[in-house]
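**Q** Here the protein sequences line up with chains A and B, keeping their order.
If you're matching positions, the first sequence starts at 5 in the working numbering and goes up one per residue.
If you're matching positions, the second sequence starts at 5 in the working numbering and goes up one per residue.
One structure, as structure tokens, below. Some questions next.
2 protein chains.
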Amino acid sequence: MAAELTAHELIAKHRPTLDQALEAIRTRAYWSPHPEHPKAYGENGSLDAAAGKAAFDALLGTRVDLGQPGTDDWVGGEVSPYGIELGVTYPHADIDTLLPAMRAGQRAWREAGAEIRAVVCVEILKRISDRTHEFAHAVMHTSGQAFMMAFQAGGPHAQDRGLEAVAYAYVEQVRTPDTAEWSKPQGKRDPLALTKQFTPVPRGIGLVIGCNTFPTWNGYPGLFASLATGNAVLVKPHPRAVLPLALTVQVAREVLDEAGFDPNLVALAAERPGEGIAKTLAGRPEIRIIDYTGSTEFGDWLEANARQAQVYTEKAGVNTVLVDSTSDYKGMLSNLAFSLSLYSGQMCTTPQNFLIPRDGIRTDEGPRTFDEVVAGLARAVDGLLGDDARANALLGAIVNPDVKARLEAATGLGEVALASREISNPEFPDAVVRTPVIVKLDGAKPDDEAAYMSECFGPVSFAVAVDSSADAVELLRRTIREKGAMTVGAYTTDEEVERSVQEVCLEEAAQLSLNLTGGVYVNQTAAFSDFHGSGGNPAANAALCDGAFVANRFRVVEVRREV
Amino acid sequence: MAAELTAHELIAKHRPTLDQALEAIRTRAYWSPHPEHPKAYGENGSLDAAAGKAAFDALLGTRVDLGQPGTDDWVGGEVSPYGIELGVTYPHADIDTLLPAMRAGQRAWREAGAEIRAVVCVEILKRISDRTHEFAHAVMHTSGQAFMMAFQAGGPHAQDRGLEAVAYAYVEQVRTPDTAEWSKPQGKRDPLALTKQFTPVPRGIGLVIGCNTFPTWNGYPGLFASLATGNAVLVKPHPRAVLPLALTVQVAREVLDEAGFDPNLVALAAERPGEGIAKTLAGRPEIRIIDYTGSTEFGDWLEANARQAQVYTEKAGVNTVLVDSTSDYKGMLSNLAFSLSLYSGQMCTTPQNFLIPRDGIRTDEGPRTFDEVVAGLARAVDGLLGDDARANALLGAIVNPDVKARLEAATGLGEVALASREISNPEFPDAVVRTPVIVKLDGAKPDDEAAYMSECFGPVSFAVAVDSSADAVELLRRTIREKGAMTVGAYTTDEEVERSVQEVCLEEAAQLSLNLTGGVYVNQTAAFSDFHGSGGNPAANAALCDGAFVANRFRVVEVRREV
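Below, the structure is given as structure tokens:
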């Protein structure tokens with residue numbers, strides 16, 4: 005049967021996008037082919053807001069039948085952080101049937117070569133992009149993100165990260181030519197001459213272990229990096245956030261099939277409550293690559309135990325913002341208030357510890373004491389979230405009871421500088437919506453250290469009094485080295501302090517944002533330009549996305565012959 | 005103090021070489037800046053044969069004082085496989101002093117940037133190249149390689165592999181620009197604008213664990229890949245092969261010093277007999293990268309236990325040559341005879357198992373039975389090594405008593421098709437020189453399987469009778485999958501068999517040489533063109549040299565600021 009999508013068509017359609025992505029990762033200038041504005045959708049086959057909402061509503065209470073081999077049951081029990089029971093069920097796989105079936109199509113996928121694989125991946129992303137409104141609701145009602153954030157971070161930004169991985173995977177595979185003629189002079193004798201063929205070959209099956217908070221954004225890089233390098237990919241979503249990845253798998257299978265490849269190259273592994281199949285899958289010999297986002301504990305377990313696989317982890321860290329001085333006090337406070345509030349701080353990149361000299365800081369508005377800075381930050385958060393509609397639009401919902409429990413426990417850790425408030429959500433009365441809490445701690449007190457040196461995921465941050473900025477720099481270093489950090493922020497007008505902070509970030513391999521006062525926030529990174537994590541401190545063993553993230557997902561096999 | 009070698013001079017001198025290396029790894033055509041012929045040396049500051057020999061002789065019985073901090077003793081007890089006691093001693097390090105000292109210069113080395121680091125590395129290689137004759141004797145009298153092989157494999161070919169690693173390291177680091185201007189449109193509002201700086205940062209200290217048989221060839225890729233990516237490098241040579249790497253460290257320290265960098269960025273860790281410091285060093289938190297060549301057992305231990313480090317291993321495999329049919333029977337036999345004889349088969353790339361159908365094969369000289377093929381191979385080896393002078397020049401010496409013991413035990417494994425002979429070496433009467441043994445085994449007998457499915461490092465090969473070429477292909481697959489393979493060879497004129505062998509090599513990630521009958525041998529690879537190992541089967545977790553070999557030795561740290 006002829007493929008419905010020919011290689012020629014796919015290349016004609018998507019090679020320009022691939023080329024632009026390749027250029028973007030080289031220059032790291034701003035670029036994205038995926039519109040951020042909800043109103044940009046609705047033409048050329050993409051779903052507009054109403055159609056996307058309708059498509060999502062139509063999914064509720066249904067069975068997502070992916071047509072996977074080895075389906076032995078139907079499972080699912082997602083309840084939206086906004087209170088809706090999704091009622092969607094997914095195939096539960098007999099992995100002894102599914103894994104071998106996933107390997108059946110690997111030869112054809114390998115033989116397609118890097119360019120065809122890349123444009124097939126771009127087609128998958130294009131179809132996902134067309135359904136961004138539908139995906140936005142799926143992300144919102146699994147992660148608890150507010151709609152606009154679910155739309156942008158779960159839609160175009162996630163698609164950007166997927167495309168970035170495709171671009172890195174493509175360029176890595178074509179660094180070595182398909183063939184080479186090698187001729188070595190032998191003085192007066194004939195040269196030695198060989199013809200060499202080089203073929204990128206996949207490692208096997210990649211396993212993507214998804215997370216609850218960013219199922220698509222954190223899932224796409226590994227999924228597309230593995231698929232574009234010739235591997236099959238098994239997606240094991242978080243049990244609370246299955247739908248966005250199930251839809252992704254559905255689209256991928258549909259495109260693979262239409263392009264003449266085996267749809268089983270991409271499959272879903274949904275699980276029963278408490279089944280814990282990630283551990284089982286991670287130990288299977290067929291699984292040769294694992295991409296994981298989640299707790300440090302399980303990430304460390306994977307790194308230590310899934311020895312047959314290349315393991316890429318994004319775990320947890322303790323993110324610091326060092327506050328030394330600023331030439332835009334208001335801008336600093338409003339920028340930080342936004343960072344703390346966005347998605348109720350439920351991002352691995354949200355700042356946790358604000359290190360502030362106990363003698364205060366210099367600002368464009370004159371000196372400010374420690375207490376004044378903390379009060380200023382608290383006021384900025386209050387101002388930002390004073391209107392309930394705006395608060396709901398920024399905060400989203402608390403994703404699970406653990407986060408709520410940590411938020412409630414945080415008030416016992418020290419003096420509360422900003423109390424958390426409950427916000428009601430008129431559209432979703434069952435949503436748990438909370439404003440962030442800020443707790444004052446003393447950097448010199450051992451009891452307080454136990455708090456600020458642990459990750460407290462959620463809307464909890466600590467204003468930590470330190471003896472000096474030099475002291476803060478050393479605490480920053482120790483925090484990154486011991487706990488890891490996905491992000492570091494710093495505010496300073498002092499060149500010496502700036503150099504010290506930079507040097508710590510360079511030595512401890514952490515990504516630094518300096519003096520952000522406008523519309524860019526320390527907890528956001530842009531694909532094609534910013535690295536997410538560094539892979540060089542304990543928070544993550546890989547960065548999104550660089551050469552190291554893709555280079556070991558395939559190997560190059562050489563066949564050489566005499567001419 | 006001003007550096008004696010300025011960055012400007014080094015770039016002017018070596019950038020053209022770096023550019024040629026970059027072009028070579030891209031096209032994978034033949035290229036080398038390091039002459040293979042001994043007579044090519046002696047001008048422009050390089051040592052000729054006599055001067056190189058004299059320099060080596062002058063080293064005997066001396067102390068190689070590298071000026072390293074923390075030296076608490078002098079150790080050494082190398083005895084050449086040719087019988088000479090080298091009598092050279094080396095610094096023994098107090099690692100609690102040495103490791104911190106190695107970190108002192110890392111900031112300046114990092115700040116130098118990728119290009120300066122690359123040209124400093126090229127200068128190190130250039131000075132080593134100038135002393136190739138001296139190094140050749142050092143390699144010969146530690147590895148037991150014959151002089152010509154020690155000269156070529158230990159000299160220009162090793163230097164090529166080092167330069168290849170420098171080229172890969174350089175290009176990987178400059179994939180991301182130093183700076184980027186990022187401007188994101190915001191509709192009618194001003195765009196969001198950031199200035200971004202990207203800095204490659206090292207992981208820490210790289211540890212190179214050298215091997216006995218190819219101290220420079222196997223040591224240089226890791227050494228130069230780590231150094232060129234900004235790391236310090238500690239070289240832990242095999243206790244029987246210290247001298248070539250001690251001289252390498254000496255040259256590196258000298259060049260670093262002259263270029264204005266801390267010489268302690270490269271240091272030697274020689275050990276007392278039985279001290280086993282590799283394990284101790286591999287567990288130190290300062291060691292963040294390990295390059296290892298040697299036994300599977302210790303390589304597996306490193307991969308499992310040195311969890312704080314990126315670990316690159318070249319271990320052991322079982323190399324197969326599948327013999328199905330040939331259009332050049334004589335060429336095949338003479339090519340294989342050379343492969344078996346070179347350095348007495350003491351290469352990780354030497355073929356071990358010849359899989360030959362028990363019903364015989366088709367050749368340009370008519371059909372040949374299994375016994376005829378084996379006898380033909382035996383005769384070809386005999387012919388090649390019939391003259392003692394030529395035999396000595398090809399075989400070199402047996403590197404250690406374990407290899408000799410395995411050779412002697414091999415005759416008990418099956419019917420001996422070619423017995424090993426003792427060859428006397430008039431120049432070095434104490435050298436243990438042996439011709440290869442070929443033992444016939446039956447692929448279908450479980451007792452025989454125990455022999456051919458184990459690595460038997462040294463001049464031992466097995467002619468394994470199989471039911472058919474299809475049977476051989478399956479045995480090839482199983483051997484690679486279970487035991488790993490650094491090389492695979494195959495002889496066939498049958499397109500179907502060729503396709504099957506290729507497919508197995510692609511699926512199991514092994515490097516394949518097809519129908520070699522001339523002056524290229526399955527056990528030799530050329531830098532800049534051939535990959536050594538694949539990193540995709542159990543014989544090695546890395547290939548020399550590709551993007552994956554360098555990409556995770558550094559991380560990129562981003563610092564971003566509002567414009």
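Using N, Cα and C, we set each Cβ at its ideal position, and we do this for glycine too.
1. Counting only Cβ-Cβ distances shorter than 8 Å, please list the residues of the region 537–556 of chain A near chain B, keeping chain order.
2. Could you spell out the range, first to last residue, of the alpha helix (DSSP H) harbouring residue 107 (chain B)?
3. Which residues mark the beginning and the end of the beta strand (DSSP E) in which residue 281 (chain B) is found?
4. Would residue 425 (chain A) pass as a contact of residue 415 (chain A) if the rule is Cβ separation under 8 Å?
5. Could you name the residues of the same chain whose beta carbon sits closer than 6 Å to that of residue 84 (chain B), not counting the 5 residues immediately before and after it, in chain order?
6. Could you tell me the alpha carbon to alpha carbon distance between residue 437 (chain A) and residue 102 (chain A), rounded to whole angstroms?
7. What's the C-alpha gap between residue 230 (chain B) and residue 559 (chain B)?
8. Against chain A, which members of the region 499–533 of chain B pass a CB distance test of less than 8 Å?
9. Within the continuous alpha helix (DSSP H) that includes residue 21 (chain B), where are the two ends?
10. Can you tell me which of A:443, A:73 and A:118 puts its alpha carbon nearest to the alpha carbon of residue 554 (chain A)?
11. With a cut-off of 8 Å on the beta carbons, I'd call residue 356 (chain B) and residue 460 (chain B) a contact; round off their distance for me.
12. Excluding sequence positions up to five away, which residues of its chain have a Cβ less than 7 Å from the Cβ of residue 396 (chain A)?
13. Here's the rule: buried if 16 or more other CB atoms are within 10 angstroms of the residue's CB, otherwise exposed. What is residue 66 (chain B)?
14. If we ignore side chains and look at the alpha-carbon of each, how far apart do residue 492 (chain B) and residue 476 (chain B) end up?
15. Answer with yes or no whether the minimum CB distance from residue 316 (chain B) to chain A is below 8 Å.
16. Can you tell which of B:87, B:153 and B:62 has its C-alpha closest to the C-alpha of residue 345 (chain B)?
17. Would the beta-carbon of residue 259 (chain A) fall within 8 Å of that of residue 198 (chain B)?
18. Just the chain A side, please: which residues come within less than 9 Å of residue 301 (chain B) by C-beta, in chain order?
19. Is there a C-beta anywhere in chain B that falls below 8 Å from the one on residue 265 (chain A)?
20. Using 8 Å as the cut-off, can you tell me whether the region 237–252 of chain B makes contact with the region 132–143 of chain B, which would need three or more C-beta pairs spanning the two stretches below that distance?
21. Checking contacts by CB at 8 Å: is residue 305 (chain A) closer than that to chain B?
22. Could you give the distance in angstroms between the alpha-carbon of residue 5 (chain A) and the alpha-carbon of residue 469 (chain B)?
23. Is the CB of residue 31 (chain A) under 8 Å away from at least one CB in chain B?
24. Which of helix, strand or coil does DSSP assign to residue 537 (chain A)?
25. Which residues, taken in chain order from the region 198–217 of chain A, show a beta carbon closer than 8 Å to some beta carbon of chain B?
26. Less than 6 Å between C-beta atoms, sequence neighbours within five positions excluded: which residues of the same chain meet that for residue 222 (chain A)?
27. Evaluate residue 547 (chain B) with the Cβ neighbour count: other Cβ atoms within 10 Å of its Cβ, from every protein chain shown; 16 or more gives buried, anything less gives exposed.
28. Considering Cα atoms alone, identify which of A:70, A:317, A:328 and A:9 is closest to residue 373 (chain A).
29. If you scan the region 475–557 of chain A from start to end, which runs of the beta strand (DSSP E) of 3 or more residues do you find wholly inside it?
30. Look at the alpha carbon of residue 161 (chain B) and the alpha carbon of residue 173 (chain B), and state the distance between them as a whole number of angstroms.
31. For residue 396 (chain B), report the span of its alpha helix (DSSP H) as first-last.
32. Go to residue 61 (chain B), then tell me how far its alpha helix (DSSP H) extends in each direction, as first and last residue.
33. Could you please tell me which residues of the region 63–75 of chain B, in chain order, have their CB closer than 7 Å to any CB of chain A?
34. I'd like the ranges of any beta strand (DSSP E) spanning at least 3 consecutive residues and lying wholly in the region 279–366 of chain B.
35. Shorter than 8 Å from the beta carbon of residue 230 (chain A) to some beta carbon of chain B?
36. Taking the alpha carbon of residue 479 (chain A) as the reference point, which residue from A:353, A:338 and A:323 has its own alpha carbon closest?
**A** So, from the listed chains and residues:
1. Taking 8 Å as the Cβ-Cβ cut-off against chain B, the residues of the region 537–556 of chain A that qualify are 538, 539, 540, 547, 550, 551, 552, 555 and 556.
2. Per DSSP, the unbroken alpha helix (DSSP H) holding residue 107 (chain B) starts and ends at 99–108.
3. Segment 281–286 is the alpha helix (DSSP H) holding residue 281 (chain B); no beta strand (DSSP E) there.
4. No, the pair does not count as a contact, with Cβ atoms beyond the cut-off.
5. Excluding sequence neighbours, residue 84 (chain B) sits near 145.
6. C-alpha separation (whole angstroms): 40 Å.
7. Approximately 12 Å, taken between the alpha carbons.
8. Listed in sequence order: 506, 507, 509, 510, 511, 513, 514, 515, 516, 517, 518, 519, 520, 521, 522, 523, 524, 530 and 533.
9. Residue 21 (chain B) -> alpha helix (DSSP H) spans 11–31.
10. Check the Cα spacing between residue 554 (chain A) and each of A:443, A:73 and A:118: the tightest is with A:118.
11. Under the criterion of beta carbons closer than 8 Å, residue 356 (chain B) and residue 460 (chain B) qualify as touching, at roughly 6 Å.
12. Counting only Cβ-Cβ distances below 7 Å, and skipping sequence neighbours, we find 150, 427, 429 and 437.
13. By the beta-carbon neighbour count (other beta carbons within 10 angstroms, threshold 16), residue 66 (chain B) is exposed.
14. One C-alpha to the other measures close to 12 Å.
15. With 8 Å as the cut-off, residue 316 (chain B) does not count as an interface residue toward chain A.
16. Nearest to residue 345 (chain B) by C-alpha distance, out of B:87, B:153 and B:62, is B:153.
17. Contact flag unset, no.
18. Under the 9 Å cutoff, chain A gives no residues; its nearest Cβ is about 15 Å from residue 301 (chain B).
19. For residue 265 (chain A), no CB of chain B lies under 8 Å from its own CB, so it is not counted at the interface with that chain.
20. Under the three-pair Cβ rule at 8 Å, the region 237–252 of chain B counts as touching the region 132–143 of chain B.
21. Interface flag for residue 305 (chain A) against chain B is unset, since no Cβ pair is found closer than 8 Å.
22. Summary for residue 5 (chain A): the model assigns pLDDT 43, below 50, so the residue's position carries little reliability, and this model does not support an answer.
23. In terms of beta-carbon proximity, residue 31 (chain A) lines the interface with chain B, with at least one pair separated by less than 8 Å.
24. Correct three-state label for residue 537 (chain A): coil.
25. Against chain B - using a Cβ distance shorter than 8 Å - the residues of the region 198–217 of chain A are 198, 200, 202, 203, 205 and 207.
26. 215 and 297.
27. By the neighbour-count rule (16 or more Cβ atoms within 10 Å), residue 547 (chain B) is buried.
28. Ranking A:70, A:317, A:328 and A:9 by Cα distance to residue 373 (chain A) puts A:328 first.
29. 492–495 and 516–518, all fully within the region 475–557 of chain A.
30. Cα to Cα, the separation comes out at about 18 Å.
31. Segment 392–399, the alpha helix (DSSP H) holding residue 396 (chain B).
32. Residue range 53–63 is occupied by the alpha helix (DSSP H) that includes residue 61 (chain B).
33. Under the 7 Å Cβ criterion, the region 63–75 of chain B contributes no residue.
34. Complete beta strand (DSSP E) runs here, min 3: 291–297, 314–318, 324–327 and 357–361.
35. Output row for residue 230 (chain A): interface = no.
36. Of the listed residues, the one whose Cα sits closest to residue 479 (chain A) is A:323.
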